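Quick note on the working numbering: the sequence shown kicks off at 799 and runs consecutively. Let me begin by presenting the structure, written as structure tokens, before commenting on it.
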Amino acid sequence: MSAKVILLIEDNPSDVALTERALQRNNISNTLVVAQDGQEGLDYLFGGGAHAGRDVGALPVLILLDLKLPKVDGLDVLRQIRADARTRRVPVVILTSSREEQDIAAGYDLGVNSYIRKPVDFAQFSETVRQLGLYWLVLNESP
């Protein structure tokens, strides 16, 4: 049985490190795959670029998606995820610092499962990650 992967699409190294620490602190032992821009995230999902040859049938159990990304922005990544029959049911949580109402509306219009603003404080961020893990990795029934 292969490891259940969480795909984190995030370009800020500090936020990647915070997410890794929060997962460890909360004993969430899923494999974390980090894509540093939107294109790398799409390449991971669809087997392109540096991920050519990867078994694209092995989908992540959860995608944590930032919005403000280089190369392909988060909403375009979400659009492509939802447009493909193979990936459209993978849970996607937008985890971003954006407070723009238009980003929230666009995310839900494109089919995001949840939109969460990143807390600034590590303790709050860690608690957010704990709750995400509990809900999406334990309680949620996958399709």
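Yeah, the Cβ is synthetic: ideal placement off N, Cα and C, and Gly gets one too. Since the structure is predicted, the reported quantities are computational estimates derived from the model, not experimental observations.
Measuring straight from C-alpha to C-alpha, what distance separates GLU899 and ARG823?
Your numbering for residue 899 matches position 101 in the sequence shown. Your numbering for residue 823 matches position 25 in the sequence shown. Those two C-alpha atoms are separated by around 32 Å.
Exposed unless 16 or more other CB atoms sit within 10 angstroms - verdict on VAL875:
Stepping through the sequence shown from its first residue, residue 875 is reached at position 77. The residue in question, VAL875, is buried, as its Cβ has 16 or more Cβ neighbours within 10 Å.
Can you give me the C-alpha to C-alpha distance between SER1002 and HIS849, rounded to a whole angstrom?
Lying outside 799 to 941, the shown extent of the chain, residue 1002 is not represented and no answer is given.
Report the rounded CA-to-CA distance for LYS916 versus THR829, giving the unit in angstroms.
By one-based count along the sequence shown, residue 916 stands at place 118. By one-based count along the sequence shown, residue 829 stands at place 31. Rounded to whole angstroms, LYS916 to THR829 spans 21 Å at the Cα level.
With contact counted as at least three CB pairs below 8 Å, one residue from each stretch, are the region 909-927 and the region 880-895 in contact?
yes
Assigned exposure category for ALA881 - 16 Cβ within 10 Å defines buried:
Counting from one through the sequence shown, the residue named residue 881 turns up at place 83. Exposed, because fewer than 16 other Cβ atoms sit within 10 Å of the Cβ of ALA881.
Alpha-carbon spacing of SER896 relative to LYS866, whole angstroms:
Residue mapping note: residue 896 aligns to position 98 of the sequence shown, counting from 1. Residue mapping note: residue 866 aligns to position 68 of the sequence shown, counting from 1. Rounded to the nearest angstrom, the two C-alpha atoms are 8 Å apart.
Residue range of the alpha helix (DSSP H) that includes SER812:
Numbered from its first residue, the sequence shown carries residue 812 at position 14. From DSSP, the alpha helix (DSSP H) with SER812 extends over 811-823.
Name the residue from VAL918, PHE844, ASP871, VAL870 whose alpha carbon lies nearest to the alpha carbon of ALA883.
Reading the sequence shown from its first residue, position 85 is the one you call residue 883. For ALA883, the nearest C-alpha among the options comes from PHE844.
Between which residues of its own chain and THR888 is the CB-CB distance below 7 Å, once the five residues before and five after are set aside?
Sequence index remark: in the sequence shown, residue 888 carries index 90 (1-based). A small correction: the amino acid at residue 888 is Val; Thr does not occupy that position in the sequence shown. Once the five neighbours on either side are set aside, the close Cβ partners of VAL888 are LEU857, PRO858, ILE861, ILE879.
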